[in-house]
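Residue numbers (this note's numbering): 4 to 208.
Here is the structure:
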């Protein structure tokens with residue numbers, strides 16, 4: 004006798020109920036109440052929150068415009084000062100993470116306070132075109148940098164040990180003048196802010 008196969012009927016699935024509008028949180032940070040937006044641009048859960056959000060947006064735009072105005076009237080010297088400060092902070096963090104001693108004295112650096120400078124091998128006064136050259140700038144104790152005239156002889160000895168004689172002689176031979184525009188200074192400042200941020204993130208991992 005041949006067996007016969009009777010297929011079982013597939014179960015009928017109940018249709019899913021229609022979804023309601025997807026909720027989002029109110030954009031006002033002090034509220035954050037979930038609500039169903041009427042459109043993609045609907046960001047506030049109530050008229051009061053909409054008014055608060057409009058005020059915050061307008062104030063943010065005014066602050067941005069104010070910053071732009073200040074940047075536009077800021078003298079080039081101020082841009083240079085700010086860029087140098089960011090670059091120097093990067094140099095100090097680079098050498099701190101590397102565990103370097105003072106470039107000129109060879110003594111351990113005190114990182115606990117404001118005791119470390121970014122010292123220039125060829126000074127900003129005599130070689131301003133090398134002020135943002137990473138080979139030319141290294142962590143140095145304030146005592147050496149400010150009160151021992153940078154200790155140039157020992158700085159050179161320490162620098163040869165660190166980057167090699169050829170690189171030191173290249174710095175000494177570099178006489179090419181450079182004059183940065185405000186836009187170039189802004190780009191350098193941005194670059195070294197990013198580099199400094201990356202170093203700090205790497206150190207915290």
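Glycine included, C-beta positions come from ideal geometry on N, C-alpha and C.
Whole-number beta carbon distance between residue j and residue i, since they are thought to touch under 8 Å
i, j, result
"residue 188", "residue 86", "5 Å"
"residue 93", "residue 195", "5 Å"
"residue 185", "residue 135", "Not confirmed; about 15 Å, so no contact."
"residue 139", "residue 174", "6 Å"
Residue i vs residue j beta-carbon contact at 8 Å
i, j, result
"residue 105", "residue 144", "yes"
"residue 158", "residue 107", "yes"
"residue 25", "residue 38", "no"
"residue 141", "residue 122", "yes"
"residue 180", "residue 132", "yes"
"residue 56", "residue 47", "yes"
"residue 119", "residue 97", "no"
"residue 33", "residue 100", "no"
Bridge partner(s) assigned by DSSP for residue i
i, result
"residue 28", "37"
Residue i: CB within 7 Å of a non-hydrogen atom of the ligand GTP
i, result
"residue 58", "In terms of ligand content, the structure shown is empty, and the ligand GTP therefore cannot be addressed."
Which complete alpha helix (DSSP H) runs does the region 106-163 hold, if anything under 4 residues is left out?
145-150
So does the region 49-65 actually touch the region 108-117, counting three or more Cβ pairs closer than 8 Å?
no
Continuous alpha helix (DSSP H) assignments of at least 4 residues falling wholly in the region 44-105
50-76 and 79-101
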